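Take a look at the structure below.
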């Protein structure tokens with residue numbers, strides 16, 4: 083076999099391993115019956131923290147779609163960025179208390195409603211997995227060293243997501 087074939091096989095094996103890690107991630111999130119159920123966008127805000135190998139490859143970022151201070155309501159849009167510039171729109175979430183929303187953003191964890199009725203135009207875990215693997219497959223920088231993930235899981239220190247406040251942008255591009 084020549085070096086091209088070896089590189090292609092390594093890439094395929096890596097992509098399959100990444101796909102399995104993503105499937106396990108969504109399975110652990112409760113999508114054990116169907117990957118075609120609607121996904122509340124904020125549920126995957128910890129993706130790059132739960133799988134440390136994705137730390138610099140994948141990012142979930144909310145932005146303001148609508149803000150109505152008079153009625154204390156906001157609509158956040160959620161984007162998934164892979165390799166920095168490949169974007170997938172995950173959907174939007176509706177919030178009826180700006181104070182509580184600010185506390186959740188400051189803490190870095192969104193409270194997910196039980197029935198997820200506060201989300202619209204959402205996607206599914208199957209589409210997210212397909213998008214991530216397609217982008218990683220088509221880019222040379224898409225190779226992910228999964229040994230980072232196994233080392234992080236061996237350490238007993240749980241990781242807490244950073245505050246999302248520095249990732250929170252209005253549509254105009256200015257931080258809020």
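Numbering (my numbering), first residue to last: 83 to 258.
C-beta: ideal position from N, C-alpha, C; glycine also.
Predicted model, so just to flag it, every value in this text is computed and none were measured.
Three Cβ pairs or more, each shorter than 8 Å: is that satisfied between the segment 161-169 and the segment 216-224? yes
Nearest CA to the CA of residue 208: which residue from 104, 86, 168 and 96? The residue with the shortest Cα to Cα distance from residue 208 is 104.
Taking the straight line between their C-alpha atoms, what separation do you get for residue 124 and residue 204? 11 Å
Please classify residue 201 as buried or exposed, where buried requires at least 16 other C-beta atoms within 10 Å of its C-beta. By the Cβ neighbour-count rule, residue 201 is buried, with 16 or more other Cβ atoms within 10 Å of its own.
Nearest CA to the CA of residue 206: which residue from 121, 95 and 84? 121
Could you name each continuous alpha helix (DSSP H) segment of 4 residues or more that falls completely within the segment 123-199, going from the start of the chain to the end? 129-132 and 180-189
Using a Cβ cut-off of 7 Å (strictly closer), state whether residue 141 contacts chain C. No chain C is present in this structure, which holds just one protein chain.
Near residue 177, which residues of its chain fall below 8 Å by C-beta distance, leaving aside the five closest residues on each side in sequence? 155, 156, 157, 158, 183 and 200
Per DSSP, what are the beta-bridge partners of residue 264 in this structure? Outside the displayed span of the chain (83 to 258) sits residue 264, for which this structure offers no information.
Contact check, residue 214 vs residue 140 under 8 Å by CB: the rounded distance? 7 Å
Once the 5 residues before and after residue 147 are set aside, which same chain residues still bring their CB inside 6 Å of it? 157, 159 and 174
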